[in-house]
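Its first residue numbered 17, the sequence shown is counted upward by one per residue in this note's numbering.
Here the structure is laid out as C-alpha cells; the discussion comes afterwards.
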Amino acid sequence: RQAKSMEKKLARLPDIERVLDDPTMVFRFEPKRQSGNNIVFLEDISKTYGENLVLKPLQAEVKRGQRIALLGPNGSGKSTLLKILGGELDFEGELRWGTGVDVGYFSQHISFDPENTVLEELYDEHRLELGVLRSVLARLLFRGEDVFKQTSVLSGGERNRLALAKLLLHRPNLLLLDEPTNHL
C-alpha cells in the first residue's frame with residue numbers, strides 16, 4: 017500500500033531533464049623546486065637561417081614571478097625565441113640560466129610515437145605507477161577507454177592535452193608556451 021502511494025506521488029512530479037556539467041580540466045602546475053631570483057639573461061641573442069635574419073639581436077632579463085607574453089605578427093621570431101629558450105635551436109649571442117631553473121617547453125608542433133597509446137606515451141617518459149598516470153590523464157579529460165587511444169588518431173586538442181600532461185609530470189618552474197590556446 018505504501019509503495020502504491022509513493023508511486024502515485026512520483027507519477028505526479030513534473031519530468032526533469034538531467035543536467036550534465038561540461039567536463040572541465042582540473043590541474044595545477046607544481047614545480048619540483050623553486051628557482052633562484054634570476055631566471056634567464058639574454059644578450060644579443062639572434063638567429064639566422066643562411067643569410068635570412070629571423071630573430072634580431074635581443075637583450076632581456078627575466079626574474080622569478082614575471083609573466084611575459086610575446087606578441088607580434090607571424091614571422092617576427094616569437095616561436096624562434098621560444099625554441100632557443102627550449103633548447104631546440106642553436107643561436108648567436110649569450111644565454112645564461114639562473115640557479116635551479118627547470119624549463120618546460122610546450123611546442124606548437126607536438127610529436128608522439130604513433131604506435132603508442134595515450135597511457136604508453138606518458139609512461140615512456142614518466143615511469144610512474146599506472147594509477148598515478150591515469151589520475152593525471154583523467155584531470156585532462158582522458159577517462160576510461162580514452163587512455164588506450166593510439167596517439168596517431170588523437171585530435172589537435174587531445175594532442176595538446178597529452179603534451180600538457182607530460183609537462184605536468186615534468187614539474188618545471190619555467191613554462192614556455194608556444195601558442196598554447198590552439199586546440200585546448
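We treat Cβ as the ideally placed atom computed from N, Cα and C, and that holds for glycine.
Check: When you compare only the Cα positions, how much space is there between Leu-183 and Glu-67?; Outcome: 35 Å
Check: Would you grab the beta carbon distance between Phe-122 and Leu-192 for me? Rounded to a whole angstrom, and I think it's under 8 Å.; Outcome: 7 Å
Check: Which whole runs of the beta strand (DSSP E) in the region 60-84 are 3 residues long or more, in chain order?; Outcome: 68-79
Check: Is DSSP giving Phe-43 helix, strand or coil here?; Outcome: coil
Check: Taking the alpha-carbon positions, what's the Asn-54 to Leu-153 distance?; Outcome: 33 Å
Check: What is the residue span of the alpha helix (DSSP H) that Leu-144 lies within?; Outcome: Counting along the chain, Leu-144 falls outside any alpha helix (DSSP H), and DSSP gives it neither H nor E.
Check: Apart from the five residues just before and just after Arg-155, which ones in its own chain have a Cβ nearer than 7 Å to its Cβ?; Outcome: Met-41, Val-42 and Phe-43
Check: By the three-class DSSP mapping on this structure, what secondary structure does Arg-187 have?; Outcome: coil
Check: Enumerate in chain order the residues of its own chain whose CB-to-CB distance from Leu-36 is below 8 Å, with the five nearest sequence positions on each side excluded.; Outcome: At Leu-36 the pLDDT is 49, less than 50, meaning the model places this residue with poor confidence and gives no usable figure here.
Check: Taking C-alpha atoms, which residue in Asp-118, Gly-116 and Leu-71 lies nearest to Ser-95?; Outcome: Leu-71
Check: Quick one, which of Asp-162, Ser-21, Leu-74 and Pro-188 has its alpha-carbon nearest Arg-177's?; Outcome: Asp-162
Check: Specify, as a first and last residue, the run of the alpha helix (DSSP H) that Arg-28 falls within.; Outcome: 18-28
Check: Could you name each continuous alpha helix (DSSP H) segment of 4 residues or more that falls completely within the region 85-130, going from the start of the chain to the end?; Outcome: 94-101
Check: Within a Cβ cutoff of 7 Å, which residues of the same chain sit near Ser-168, ignoring the five residues on either side of it in sequence?; Outcome: Pro-130
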